[in-house]
Every structure is written in C-alpha cells, then in structure tokens.
Amino acid sequence: MERIGIVGVGMTPISSGKKEVFYDASFEAARRALADARLDRGDLDQVVAAGYDLACGRTITNMYTTPAAGGYLKDETRISDDGMFALAQAWMRMGAGFATTMCLAYGVSSEAPMPLVSNLMFEPLFHRPFGMHSGNTAALQASVYCAESRTKPEDAALVVVKNLRQGSKNPRSRRVKPVTAKQVEKSPMAAWPLRELDLPNYSDGTVGLILAPEHEAKRISPCPVWIEGIGWSIDSYYLGERNLAELKSLSEAARRAYLMAGIKDPAREIQVFEVAEQSSYYEIMAYEALGLISPGGGAKLIRSGATEISGRIPVNPSGGAMASDPVAATGLFRVAEAVLQLQGRAGKVQVKGAQCALASVSSGPAGQASCVVILRRD
Amino acid sequence: MAEKKEEFIKVKANWNIPFTHSAGKCASHFFQEMREKKRILGIRCPKCQRVMLPPRSFCERCFVATTDWVPVKDEGVVESVSINYMEYTGMPKPPYAIAFIRLDGSDSNLMHFVGGVDLSDWKKAKDLVKIGTRVKAVWKEEREGRMTDIMYFKPVSAK
Amino acid sequence: MRRVAIIGVGQTKFRTRRDDATHEELTFEGVSRTLEDAGLSISQIDSFIYGTMDPFDGVNSPDKWCVGGAGAVGKPFIKISTGGTTGLTAGIAAYHQVASGAFDISMAVCTQRVGVGDDAQSILNTCVCPIYERDAGAGAISIGAHQASRHMFKYGSTDYQRALISVDAHKNALNNPNAHIQVDVNPEDVLNSRMIEWPLRLLECCPRSDGACAVIFASEEAAKKLCPHPAWVWGEASILDSYWWGERPDLADWDVLSLAGRRLFKMAGISNPLKEIDVAELYAPFTSQILLELEALGFCGHGEAGPLIEKGVFKMDGEMAVTPSGGVLCTNPIGATGLVRLTEAVLQVTGKAGQHQVPGAEVALAHAWGGTMQLHALMIVGKHKR
Numbered sequence: 019m020e021r022i023g024i025v026g027v028g029m030t031p032i033s034s035g036k037k038e039v040f041y042d043a044s045f046e047a048a049r050r051a052l053a054d055a056r057l058d059r060g061d062l063d064q065v066v067a068a069g070y071d072l073a074c075g076r077t078i079t080n081m082y083t084t085p086a087a088g089g090y091l092k093d094e095t096r097i098s099d100d101g102m103f104a105l106a107q108a109w110m111r112m113g114a115g116f117a118t119t120m121c122l123a124y125g126v127s128s129e130a131p132m133p134l135v136s137n138l139m140f141e142p143l144f145h146r147p148f149g150m151h152s153g154n155t156a157a158l159q160a161s162v163y164c165a166e167s168r169t170k171p172e173d174a175a176l177v178v179v180k181n182l183r184q185g186s187k188n189p190r191s192r193r194v195k196p197v198t199a200k201q202v203e204k205s206p207m208a209a210w211p212l213r214e215l216d217l218p219n220y221s222d223g224t225v226g227l228i229l230a231p232e233h234e235a236k237r238i239s240p241c242p243v244w245i246e247g248i249g250w251s252i253d254s255y256y257l258g259e260r261n262l263a264e265l266k267s268l269s270e271a272a273r274r275a276y277l278m279a280g281i282k283d284p285a286r287e288i289q290v291f292e293v294a295e296q297s298s299y300y301e302i303m304a305y306e307a308l309g310l311i312s313p314g315g316g317a318k319l320i321r322s323g324a325t326e327i328s329g330r331i332p333v334n335p336s337g338g339a340m341a342s343d344p345v346a347a348t349g350l351f352r353v354a355e356a357v358l359q360l361q362g363r364a365g366k367v368q369v370k371g372a373q374c375a376l377a378s379v380s381s382g383p384a385g386q387a388s389c390v391v392i393l394r395r396d
Numbered sequence: 013m014a015e016k017k018e019e020f021i022k023v024k025a026n027w028n029i030p031f032t033h034s035a036g037k038c039a040s041h042f043f044q045e046m047r048e049k050k051r052i053l054g055i056r057c058p059k060c061q062r063v064m065l066p067p068r069s070f071c072e073r074c075f076v077a078t079t080d081w082v083p084v085k086d087e088g089v090v091e092s093v094s095i096n097y098m099e100y101t102g103m104p105k106p107p108y109a110i111a112f113i114r115l116d117g118s119d120s121n122l123m124h125f126v127g128g129v130d131l132s133d134w135k136k137a138k139d140l141v142k143i144g145t146r147v148k149a150v151w152k153e154e155r156e157g158r159m160t161d162i163m164y165f166k167p168v169s170a171k
Numbered sequence: 002m003r004r005v006a007i008i009g010v011g012q013t014k015f016r017t018r019r020d021d022a023t024h025e026e027l028t029f030e031g032v033s034r035t036l037e038d039a040g041l042s043i044s045q046i047d048s049f050i051y052g053t054m055d056p057f058d059g060v061n062s063p064d065k066w067c068v069g070g071a072g073a074v075g076k077p078f079i080k081i082s083t084g085g086t087t088g089l090t091a092g093i094a095a096y097h098q099v100a101s102g103a104f105d106i107s108m109a110v111c112t113q114r115v116g117v118g119d120d121a122q123s124i125l126n127t128c129v130c131p132i133y134e135r136d137a138g139a140g141a142i143s144i145g146a147h148q149a150s151r152h153m154f155k156y157g158s159t160d161y162q163r164a165l166i167s168v169d170a171h172k173n174a175l176n177n178p179n180a181h182i183q184v185d186v187n188p189e190d191v192l193n194s195r196m197i198e199w200p201l202r203l204l205e206c207c208p209r210s211d212g213a214c215a216v217i218f219a220s221e222e223a224a225k226k227l228c229p230h231p232a233w234v235w236g237e238a239s240i241l242d243s244y245w246w247g248e249r250p251d252l253a254d255w256d257v258l259s260l261a262g263r264r265l266f267k268m269a270g271i272s273n274p275l276k277e278i279d280v281a282e283l284y285a286p287f288t289s290q291i292l293l294e295l296e297a298l299g300f301c302g303h304g305e306a307g308p309l310i311e312k313g314v315f316k317m318d319g320e321m322a323v324t325p326s327g328g329v330l331c332t333n334p335i336g337a338t339g340l341v342r343l344t345e346a347v348l349q350v351t352g353k354a355g356q357h358q359v360p361g362a363e364v365a366l367a368h369a370w371g372g373t374m375q376l377h378a379l380m381i382v383g384k385h386k387r
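Okay, structure coming up:
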C-alpha cells in the first residue's frame with residue numbers, strides 16, 4: 019500500500035461556541051486546510067467526515083458538514099466517532115484507490131448539556147438509571163487505577179498544571195489560564211476523585227486535514243507528514259467486565275500502530291506525544307498503555323518532568339484536551355498539532371527537532387475504544 | 013409441565029434534551045430582516061451568481077463565501093408539494109401542505125407551508141395547491157425571528 | 002487495490018418489534034447467521050464496521066454497547082452513520098478495509114430497532130435543519146411524496162403505475178422468509194388505502210422494522226481458501242448532494258444518482274445496465290422512488306419507467322428483476338436496510354435466494370439512499386470475477 023501523507027492542515031479557533039454554526043465552522047476549517055495545501059475544492063477526490071449527531075441536535079450531521087468540507091457531488095463517508103477513526107478509514111479508502119482526500123472532524127459541545135448526551139450512550143436497562151456519564155465514568159476508572167497504582171491526586175494535578183500551561187501558550191488552543199497545583203486541588207469536586215480541573219474542557223472546534231498518496235504528496239507539500247502506523251481497537255462495553263485500571267484498547271491500538279511503523283521502543287523513537295486525555299489520571303494511565311513506562315509507573319513519569327515540553331518525552335505540548343476538548347474532533351486536533359510539530363510550525367509550543375510523533379484518542383466510557391497514529395517526516 | 017408464556021418487560025424512556033441552536037451570522041441577519049421589516053433576503057454567490065434561499069454563508073458549489081444580500085419577493089410559484097394527513101408526535105397537526113416555493117428573484121426553492129385553503133379532503137386540496145400555483149406569504153403580526161414568522165404561503169387566487 | 006469477495010451473508014427475520022431481544026442480542030443473532038453461512042468462527046474476522054442510525058434505538062452510539070454482540074471485543078471496530086445509506090456505506094467501508102490490504106477478512110454489521118421509538122417520523126424530522134426547515138413538519142415521507150407529485154406533473158406517471166410497484170413488491174416479499182410485511186395486495190387495495198401524504202397512500206410507504214444483518218468481505222486469497230462460491234465485488238460508489246432540497250434542479254429527476262451510477266458502471270465495466278444486470282435491489286421506501294431510480298440509473302429513459310412497469314419489464318420474470326426480496330417497501334430497518342440490499346444481491350448471484358431466486362442471475366446491483374434524498378451508495382456484485 020502506497021504511503022499516505024498529510025499535506026494540509028486547517029483548524030478553526032477552538033471556543034466555547036454558541037455563536038457560529040457548525041457547518042460554517044466546517045467551511046472555515048476546510049478552506050484553511052485547502053489554502054494550506056495550496057489546493058482548491060476541485061482537487062479533492064473524496065471527503066471523510068466525523069462527528070456526533072446527538073451533540074448537534076440533528077440526525078446525519080454530515081449532510082451539512084460534508085458539503086461545507088468541499089464534498090458537493092463527491093464520493094464520501096462519515097464516521098460517527100472521533101475524527102481519528104475517520105483518518106483510519108480515509109487511509110484505507112486511499113489504499114483502495116482514492117486520491118486527494120479531505121478528512122474533517124466537527125466537535126460541537128455547546129448546543130446541548132454534554133453529561134446528558136453522554137448519559138444516553140448507556141443502554142437504558144443496566145447502566146443509564148444510575149446517572150452515568152463520561153465524567154463520572156472517568157472518575158470510576160481513576161479511583162480503581164489509584165487503588166492499584168497508589169497514584170495520588172497531586173500526581174494528577176501535575177498533568178493539569180502542565181497541560182493548561184501549554185494550552186495558555188498555544189494560540190490554537192481555547193483561551194485558558196495557567197493554574198497551580200493548589201488551584202487544581204481546590205477546584206470543586208466533580209466526581210470523586212476527579213475535580214473540575216481534572217476533566218477536559220468541553221469546547222467547539224473543527225479541523226480538516228488534506229491527505230494525498232505519496233507520489234502526489236511530494237508535489238503538493240514541501241514537507242509532507244507520513245502516516246507510518248495506525249491502529250485502533252475496542253474493549254467491552256460492560257465496565258464490570260473490564261479491568262478499569264488499564265487502558266486496554268489504547269495499548270492494543272498502540273501495539274498495532276507500533277508494529278506497522280516498526281517502533282520497538284516508543285520512548286526513544288518518538289519525540290512528541292499528543293494524547294487526547296479523558297481526564298488527568300487518564301494521561302498518566304496512557305503513559306503505561308503506550309509503553310512509555312511499565313505498568314504502575316505512570317505517576318513516577320509525570321513527577322520526573324519527563325513529559326513536560328522540555329522533558330525527554332513531551333506529552334501534549336499543545337495543551338491537550340484539558341485545554342480544549344471539541345468532542346469528536348479532539349483526536350484529529352491532536353493529529354493536526356503533531357503534524358505542525360513535525361513540520362516545525364507549532365510556534366510557541368514547538369518541540370525542537372521532532373522527527374516522529376504519536377497522536378491518540380479514546381472514545382466511549384472509560385476509554386472503551388482507542389486509535390493511535392504514528393507520524394514521521396522525511 | 014405446561015410451558016409458561018414468556019413475558020418481555022418493557023422499559024419506557026424519553027430523550028428530553030434541551031438544545032439551543034446557533035443560527036449563525038448569516039441566518040441571524042436573514043431572520044432579523046423578517047422580524048423587523050417583513051422582508052425576505054436571498055444571498056448571492058459572487059462566483060456563480062445564484063441567489064440562494066435559504067441563505068447560507070458559503071456556496072458549496074463554488075466553495076467561496078457569500079456576501080451580497082439580495083431582496084426577493086415574498087411571492088412565488090409552487091415547484092413541488094405534498095399534503096399531510098397523518099399525525100405524528102411533536103409534528104404539526106394535519107392536514108398541512110409542504111411546498112418548495114421559487115420566490116421571485118431567487119434561484120433555489122424555499123420550504124414552507126401552503127395554507128389559507130381547505131386541505132381537509134385531498135381530492136379537492138390537490139387542485140388548490142398544485143405545482144405551478146402562485147403563492148404569497150402571510151406574515152404573523154408578532155414576529156420572533158424564525159421561519160414561522162410567515163404563517164404560510166397562500167395561493168394568490170384564493171380569497 | 003485488491004480484488005474482494007463476499008464470503009458470507011446473513012440477516013434476521015424482520016418484525017415490527019423484537020421484544021425478545023435487546024439491540025446487542027439482535028446484533029449477535031445477525032452475526033451468528035452470517036458466520037454460519039460462511040462456515041467461519043468469530044476469531045477469523047480481522048476487523049469490524051458497525052452501522053446504525055443512532056436516534057431510532059434511543060441509545061447514543063449503540064455501537065459501543067453492541068461490541069460484544071458483534072464479537073469485536075479486542076479488535077479494530079469503526080462506526081459508520083450516513084442516514085439511510087448507512088447499511089450500504091458500512092458494507093463499502095468493510096470492502097475498502099480489505100481492498101486496501103489493511104485486513105484480509107472484514108465484517109460489516111448493522112442493527113436497527115426502529116420499533117423502539119414510539120414514533121419514527123418525529124425522529125426522522127430531526128434530520129431536517131432546525132434553523133430554517135424543521136418547523137415545516139417534513140419527514141421522510143415528504144421526500145417520496147414530493148418526488149411523486151413532481152414526477153406525475155413532469156412525466157405523467159400515474160397512481161395506478163405506483164400501485165403496481167406496490168403490488169409487485171408485496172408479491173415478492175411473500176417468497177422471502179425474512180421479509181417483514183407479507184400480505185398479498187392488488188392494485189385496488191393500494192389505491193383504496195389511506196392517504197398518508199398526498200399523493201402517497203399507506204400501501205405505498207414502508208413499515209418500520211427491527212432486525213440485523215451482517216456481511217463478510219475477504220481478500221481473493223482468503224476467499225480461495227474459505228469459500229468455494231463467493232460473490233465478487235465489481236464496483237462501488239457513494240455520492241453526496243447539497244443538503245438543501247430547494248437546490249435540486251428538479252425533484253422528478255434524481256440527477257445525482259445518475260452521476261453516481263455513471264461512476265459505478267465505469268468501475269464495474271457495465272455499458273448497458275438493463276442488459277448486463279440481472280437483479281436490482283433498489284432502496285425505495287416509497288413507490289415513487291422506484292420510478293426515479295430506474296430512470297436515474299439508466300435502466301430506461303426519463304418518464305419511461307411507469308409504462309414499462311405496466312408491461313411487467315421489472316417483475317421477477319421480466320427483463321430485469323427489481324427487488325425480488327420485496328424490497329424496502331416491505332422491510333425497513335433503516336440503518337441496516339442498505340446492507341440487506343447487498344445481502345439480497347449476494348444471495349441472488351450465489352444462487353442462494355431460495356423461493357425468490359431469479360433463475361440464472363449473475364450480476365446484481367445494490368442501492369441505498371439517505372439523508373434528505375441527498376446521499377446515495379451503490380455496489381455491484383457478480384457470480385464471476387471481473
């Protein structure tokens with residue numbers, strides 16, 4: 019299968035929403051991505067979109083966003099999950115013959131109460147009556163993980179401090195202020211052990227990526243970023259059947275992506291990690307699932323400062339989901355940030371000399387499904 | 013032993029999610045003009061020159077932003093029609109007729125009700141609101157800035 | 002790009018409600034039938050595509066719930082939702098997973114329980130734009146009704162011709178054990194049935210159905226080992242039109258389906274669709290759409306479908322059989338319906354359609370439309386490799 023390169027990136031500003039319509043945002047992101055690649059709509063062979071209908075209060079939302087992404091009268095499909103899963107499907111569609119591709123994800127969190135929307139993800143018989151939603155499911159997971167690993171709230175607070183500091187420096191992130199560990203520990207308790215600041219920052223934002231097969235990518239972009247490995251997996255829905263102390267689908271997705279990219283020691287071979295963290299504790303668990311440290315060692319890694327932008331394995335130099343979480347686009351934003359890092363265009367949050375990057379996302383309760391992408395520049 | 017008839021328990025559930033949809037810049041201006049001036053504005057694509065209704069901030073065909081507002085008449089021609097006789101949860105009370113109407117000065121068709129005529133018997137109604145019928149907007153007195161500020165379009169020939 | 006075969010299909014019996022099973026259990030039932038058909042075990046499936054339209058089942062992203070029923074725990078799994086096209090785009094997605102070389106065996110699984118919602122039309126209304134159009138009370142039936150009224154106006158098609166479409170579909174469904182509505186009707190029954198949305202009457206509209214369907218795609222090499230008589234994928238296409246109905250040049254002509262059809266026929270090497278295709282499983286929840294689809298796909302000229310239907314050209318024993326399964330008019334589990342079309346096309350070219358087998362069928366077309374008549378998906382399968 020021919021290599022696939024990312025040759026254009028377009029993002030809307032990430033915001034609290036409530037002003038723009040999501041399809042206008044799709045037009046804006048698509049236009050910026052096309053301009054970045056110096057292409058126009060006519061050059062696109064297909065559009066692969068991603069987004070959730072319920073958050074938008076409309077069914078089949080790609081009816082609105084795909085024409086806005088340049089898909090009028092073109093071949094298309096829509097993934098009803100985070101945009102990174104759309105990237106995976108787009109990559110396979112290109113392997114089956116499609117050329118220049120727009121992959122676009124729209125995240126809308128401002129039009130409906132997101133905890134209620136995520137509560138409806140639980141089936142009505144066994145889980146929904148208990149008021150489950152993405153936040154308290156993440157809390158359930160955090161409490162299990164803490165009990166097993168003896169990770170402490172102050173370790174998780176370090177993740178929040180790190181990511182919000184980075185977010186405050188990143189103009190592409192939602193506007194956030196840096197916080198101190200004390201502020202994190204004093205923020206209101208959301209669902210024990212998670213405080214408000216331990217959870218992602220629900221936002222609106224849209225991102226478009228232009229993909230091209232290698233022979234075209236090299237002509238379109240001076241510095242294409244190659245999809246070297248990609249893997250995805252899903253765990254059981256039943257929380258009672260899972261070991262919540264581990265992110266199983268994330269480690270399985272990573273195993274597949276590393277295998278494809280020929281990565282043996284991710285901590286040495288990859289220089290930038292963009293991980294869509296479902297909570298502060300999730301990021302620590304992700305260190306283990308991604309093989310950056312052995313199981314149970316996550317807290318040690320954040321304490322050591324290794325995952326700071328100045329550390330040896332920077333995680334979320336963009337600010338991650340703690341700073342901005344446009345649900346359904348958060349993962350594809352991670353990919354976009356990783357691309358900018360590899361191209362040396364990340365600005366104030368640039369990690370120097372990065373050649374290889376990883377982006378990941380999880381969706382569903384307690385990281386049920388995950389996708390991991392390995393990116394390289396020549 | 014006689015087999016007991018199986019019972020399947022049913023659990024009632026409702027999705028009751030409040031949504032607040034942003035109309036965005038383009039539709040907001042359109043609705044304000046309707047509310048304040050009883051005026052319908054189309055928007056012109058600077059490239060293909062089509063006047064679009066309802067107005068959108070970009071032309072998906074030419075992939076450029078739209079900017080020029082163009083007043084169109086609140087009168088036009090029915091291009092297609094259906095008349096509804098079934099009642100559904102949360103939907104308008106039948107009978108009601110849905111039409112796509114080409115307003116004078118527009119290059120696309122606007123969805124709205126056709127009313128002001130007796131729709132109770134489809135055998136008669138189908139001749140009152142048929143394709144090609146000229147219709148004119150009937151505006152509400154109290155307008156809030158949404159599509160229903162026009163109650164319906166009424167056949168010009170109807171009294 | 003690799004050649005791809007279909008090595009297993011299966012579907013549940015479709016009913017108004019399946020109170021004996023949850024969404025997850027229904028998924029399991031559909032997948033089990035498909036595995037049985039293919040003679041495979043679940044461990045042999047490398048990756049999964051799951052298709053469903055969320056709001057009908059009252060669960061947001063029911064795919065996450067149904068992973069276990071699909072047998073996908075620990076495996077790659079992607080959720081597709083594209084409206085009425087969902088089922089067929091799920092099939093196309095699984096096809097792409099294999100054609101690209103990413104996986105050798107991929108399964109598309111679709112489950113839908115339309116019966117869970119107390120009123121499907123109010124759910125269908127949520128796909129209409131809340132800012133400009135939702136207040137007008139349009140649902141899916143409005144689409145078929147407008148196409149019917151416009152087609153009558155432009156081409157002079159008649160209520161009687163549409164009644165014949167309904168009669169043929171119902172007769173075919175009697176021979177399909179999985180079909181939902183199985184009643185024999187005559188043209189008078191159709192014409193005397195209740196007016197739903199003028200000009201469409203009750204017997205011109207689909208039911209809402211519960212059920213599941215699954216299809217297994219395999220690379221040529223895997224198929225060689227696993228299946229002596231697979232169906233072969235000849236081509237596929239998807240297309241998207243404007244959301245806005247008012248942007249369509251004429252609702253009597255499904256011009257965007259014509260465009261997709263031309264792309265499909267080019268890929269599949271079809272030059273004369275009526276002669277070269279033996280069976281067309283068209284997606285028509287409303288009678289009027291058979292007229293538009295036959296004309297758009299070039300099976301006849303514009304305005305010719307009605308008279309040809311009166312002549313019986315598209316009956317089981319006609320020149321080309323249209324929806325020998327009874328089609329969407331008799332069975333509509335919305336997000337699974339497109340995959341049922343593909344399943345039926347595969348059954349025909351593999352000679353496994355039983356009572357509703359079209360003798361000697363070698364090439365079959367599957368179609369689905371979705372959204373506000375905005376999206377189309379198409380696939381052609383053949384008995385032989387292309």
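Protein chains in written order, with my numbering: chain W, 19 to 396; chain A, 13 to 171; chain F, 2 to 387. All C-beta atoms, glycine included, are put in the ideal place defined by N, C-alpha and C. Quick caveat, the model's predicted, so the values are computed rather than measured.
Compare the Cα-Cα distances from residue i to each of the options and report the closest residue.
i	options	result
A:Lys152	A:Arg146, A:Arg73 and A:Ile162	A:Ile162
F:Ala170	F:Thr332, F:Gly69, F:Trp233 and F:Lys353	F:Thr332
W:Leu308	W:Met150, W:Ala375, W:Arg237 and W:Leu158	W:Ala375
F:Thr90	F:Leu192, F:Trp370, F:Val382 and F:Arg135	F:Trp370
F:Val280	F:Gln290, F:Glu221 and F:Gly361	F:Gly361
F:Cys214	F:Trp66, F:Phe78, F:Thr87 and F:Asp21	F:Thr87
F:Met321	F:Gly313, F:Ala103 and F:Glu30	F:Gly313
W:Ala294	W:Asn80, W:Arg395 and W:Val177	W:Val177
Would a check of beta-carbon distances place residue i closer than 8 angstroms to chain W?
i	result
A:Arg56	no
A:Phe70	yes
F:Val257	yes
F:Cys111	no
If we call anything under 8 angstroms between Cβ atoms a contact, is residue i one with residue j?
i	j	result
W:Gly28	W:Asp54	yes
W:Thr169	W:Ile302	yes
A:Ser94	F:Trp199	yes
W:Ala209	W:Gly153	yes
F:Val10	F:Val234	no
A:Met64	A:Ile55	yes
F:Val382	F:Ala232	yes
F:Phe299	F:Pro325	Looking at the sequence itself, residue 299 of chain F is Gly, so the reference to Phe does not match. Against a cut-off of 8 angstroms, the Cβ pair of F:Pro325 and F:Gly299 comes out as no contact.
Consider the Cβ of residue i: report whether some Cβ of chain F lies at a distance smaller than 8 angstroms.
i	result
A:Phe75	no
W:Ala279	no
Report whether the distance from the Cβ of residue i to the nearest heavy atom of the ligand GTP is below 7 angstroms.
i	result
W:Met102	In terms of ligand content, the structure shown is empty, and the ligand GTP therefore cannot be addressed.
With 8 angstroms as the threshold, decide whether the Cβ of residue i is near any Cβ in chain A.
i	result
W:Asp61	no
W:Tyr90	yes
Review point. Using 8 angstroms as the threshold, is the stretch 46-60 of chain F in touch with the stretch 95-115 of chain F, meaning 3 or more CB pairs across them?
Key: yes
Exercise for review: Would you check if there are 3 or more beta carbon pairs closer than 8 angstroms linking the stretch 205-218 of chain F to the stretch 325-339 of chain F?
Suggested key: yes
Review point. Touching or not, the stretch 111-128 of chain W and the stretch 334-354 of chain W, by the rule of three or more beta carbon pairs under 8 angstroms?
Key: yes
Check your understanding: Taking contact to mean at least 3 C-beta pairs separated by less than 8 angstroms, is the stretch 185-203 of chain F in contact with the stretch 146-157 of chain F?
Key -> yes
Check your understanding: Just by C-beta distance, which residues in the stretch 36-57 of chain W are closer than 7 angstroms to chain A?
Key -> Lys36, Lys37, Glu38, Val39, Asp42 and Phe45
Point to revise | Selection of the stretch 76-105 of chain W by Cβ proximity to chain F, strictly under 8 angstroms | key: Arg76, Thr77, Ile78, Asn80, Met81, Tyr82, Thr84, Pro85, Gly89, Tyr90, Leu91, Lys92, Asp93, Glu94, Thr95, Arg96, Ile97, Ser98, Asp99 and Phe103
Review point. Can at least three beta-carbon pairs, one atom from the stretch 85-102 of chain W and one from the stretch 51-71 of chain W, be found at a separation below 8 angstroms?
Key: yes
Practice item. Inspect the CB distances between the stretch 23-43 of chain A and the stretch 39-47 of chain W and report whether three or more fall short of 8 angstroms. Key: yes
Practice item. Pair every Cβ in the stretch 335-345 of chain W with every Cβ in the stretch 177-193 of chain W, then say whether three or more of these pairs are closer than 8 angstroms. Key: yes
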